[in-house]
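Read through the structure below, which is laid out as structure tokens, and then see the notes.
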Amino acid sequence: MARQSSLIKINGTLEDLTFFKSADGHMVRMKGGVSGDRIKNDPAFARTRENMQEFGEMGRTGKLIRTSLRNVISNGSDPRSASRLLKSLSQVLKEDTTSLRGLRKVGIGLSTSEGKALLVGFNFNIRSVLTQVLKSVFTIDEPTGKVTIANFIPKQDLLFPAGATHCSLECGWSNIDFTTNEVKSSSSPESQFLIDLTSNNVVLSPTIAPAGSGITFIVLKVSFLQNLNGQFYPLQNGGHNAIQLVHVS
Numbered sequence: 010m011a012r013q014s015s016l017i018k019i020n021g022t023l024e025d026l027t028f029f030k031s032a033d034g035h036m037v038r039m040k041g042g043v044s045g046d047r048i049k050n051d052p053a054f055a056r057t058r059e060n061m062q063e064f065g066e067m068g069r070t071g072k073l074i075r076t077s078l079r080n081v082i083s084n085g086s087d088p089r090s091a092s093r094l095l096k097s098l099s100q101v102l103k104e105d106t107t108s109l110r111g112l113r114k115v116g117i118g119l120s121t122s123e124g125k126a127l128l129v130g131f132n133f134n135i136r137s138v139l140t141q142v143l144k145s146v147f148t149i150d151e152p153t154g155k156v157t158i159a160n161f162i163p164k165q166d167l168l169f170p171a172g173a174t175h176c177s178l179e180c181g182w183s184n185i186d187f188t189t190n191e192v193k194s195s196s197s198p199e200s201q202f203l204i205d206l207t208s209n210n211v212v213l214s215p216t217i218a219p220a221g222s223g224i225t226f227i228v229l230k231v232s233f234l235q236n237l238n239g240q241f242y243p244l245q246n247g248g249h250n251a252i253q254l255v256h257v258s
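Going by the numbering used here, the residue at position 191 of the sequence shown is 200; the numbering climbs one at a time, nothing skipped.
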């Protein structure tokens with residue numbers, strides 16, 4: 010695959026070449042390949058069909074996770090968070106050691122401690138990684154979904170961007186049964202703080218405690234705001250926000 014370097018950028022098909030725009034810029038690739046019917050039916054493409062089946066499984070579960078946490082992650086996720094999550098789920102899928110190739114399930118992979126560990130620490134905004142932004146130690150109470158930060162001093166405990174006058178902290182959880190696709194979720198109210206040297210004992214409590222028969226995901230979010238004439242504005246439309254999967258059980 011090659012990158013277009015001409016002054017005029019083209020989208021579409023020209024003879025044997027397909028021009029398109031991706032996150033990496035304007036690209037070009039050769040047109041062609043085998044037909045869809047052949048891929049579906051030819052025994053020579055059995056491995057391809059297995060890969061496609063499992064790719065679809067990862068796409069389905071990735072969308073479930075992102076949708077279930079959308080109230081928290083919508084303002085701050087980077088443009089490639091979905092594809093990065095898909096890459097992590099491809100590793101989780103390998104932890105399903107009981108299903109045949111092509112039939113492996115992310116949900117089965119997540120039922121293992123190894124599979125859960127692969128998602129803990131996933132950052133929805135790679136431009137603002139939580140462990141680099143938040144220096145405080147936090148604790149998670151799994152039965153209630155509460156996240157607690159003792160003696161939180163914003164000016165000392167945050168790596169905050171220029172122009173930020175305030176920060177807000179928020180947590181949320183979702184429980185997903187990947188067999189039935191049943192989803193339950195809740196989030197805490199945002200707790201807002203002036204970025205100064207005041208010490209705060211922070212308790213983020215979801216309005217509903219985690220429940221459900223599936224896998225529970227807990228996220229923690231740090232947002233940055235600017236107070237201008239009494240109105241609060243997110244910096245770079247949330248581009249500095251840090252959002253991390255901090256617990257999977």
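The C-beta atom is built at its ideal place from N, Cα and C for all residues, glycine as well.
On a predicted model such as this, the values are computed, not experimentally measured, just so you know.
Do the CB positions of residue i and residue j come within less than 8 Å of each other?
| i | j | result |
| --- | --- | --- |
| Ile252 | Phe133 | yes |
| Asn250 | Gly85 | yes |
| Val231 | Leu139 | yes |
| Phe169 | Phe241 | no |
| Ser177 | Ser194 | no |
| Leu78 | Val228 | yes |
| Val115 | Thr76 | no |
| Leu98 | Met61 | no |
| Gly181 | Asn80 | yes |
| Leu127 | Ile224 | no |
| Phe131 | Leu254 | yes |
| Glu59 | Arg110 | yes |
| Ser208 | Asn160 | yes |
| Thr236 | Thr174 | Note that residue 236 corresponds to Asn in the displayed sequence, not to Thr. Yes, Cβ-Cβ distance for Asn236 and Thr174 is below 8 Å. |
Let me know if residue i comes out buried or exposed under the rule of 16 or more other beta-carbons within 10 Å of its beta-carbon.
| i | result |
| --- | --- |
| Ile135 | exposed |
| Thr189 | exposed |
| Gly172 | exposed |
| Ile74 | buried |
| Met10 | Unreliable placement is indicated for Met10, whose pLDDT of 47 sits below 50; no coordinate value is reported for it. |
| Lys144 | exposed |
| Asp105 | buried |
| Ser222 | exposed |
| Val146 | exposed |
| Leu112 | exposed |
| Ile185 | buried |
| Ser31 | exposed |
| Gly239 | exposed |
| Ser196 | buried |
| Glu191 | exposed |
| Leu259 | What is shown of the chain runs 10 to 258, which leaves residue 259 out entirely. |
| Ser137 | buried |
| Lys125 | buried |
| Pro88 | exposed |
| Glu123 | exposed |
| Ser90 | buried |
If you follow the beta strand (DSSP E) that residue i is in, where does it begin and where does it stop?
| i | result |
| --- | --- |
| Val124 | Before going on, a small fix: residue 124 reads as Gly here, not Val. Gly124 -> not in any beta strand (DSSP E); alpha helix (DSSP H) instead, spanning 122–128. |
| Gly181 | 175–186 |
| Val228 | 224–237 |
| Lys155 | 155–161 |
| Thr148 | 148–150 |
| Leu203 | 200–203 |
| Leu254 | 251–257 |
| Gln240 | 240–243 |
| Val192 | 191–196 |
Grab the span of the alpha helix (DSSP H) containing residue i for me, first residue to last.
| i | result |
| --- | --- |
| Leu213 | First-last for Leu213: 209–213, but that is the beta strand (DSSP E), not the alpha helix (DSSP H). |
| Gly118 | 115–119 |
| Val138 | No alpha helix (DSSP H) contains Val138, which DSSP labels as neither H nor E. |
Check whether the Cβ of residue i lies closer than 8 Å to any Cβ atom in chain B.
| i | result |
| --- | --- |
| Gly181 | Note that chain B does not occur in the displayed structure, where there is just one protein chain. |
*Jot down the residue ranges of each uninterrupted beta strand (DSSP E) in the region 41–96, minimum 3 residues, whole runs only, in chain order.*
Runs of the beta strand (DSSP E) inside the region 41–96: none found.
*asked:* Closer than 8 Å is the cut-off here; do at least three beta carbon pairs connect the region 191–206 with the region 158–178?
replied: Contact between the region 191–206 and the region 158–178 is present, because at least three Cβ pairs lie under 8 Å.
*At a cut of 8 Å, does the region 138–155 reach the region 211–218 through at least three beta carbon pairs?*
Touching, yes.
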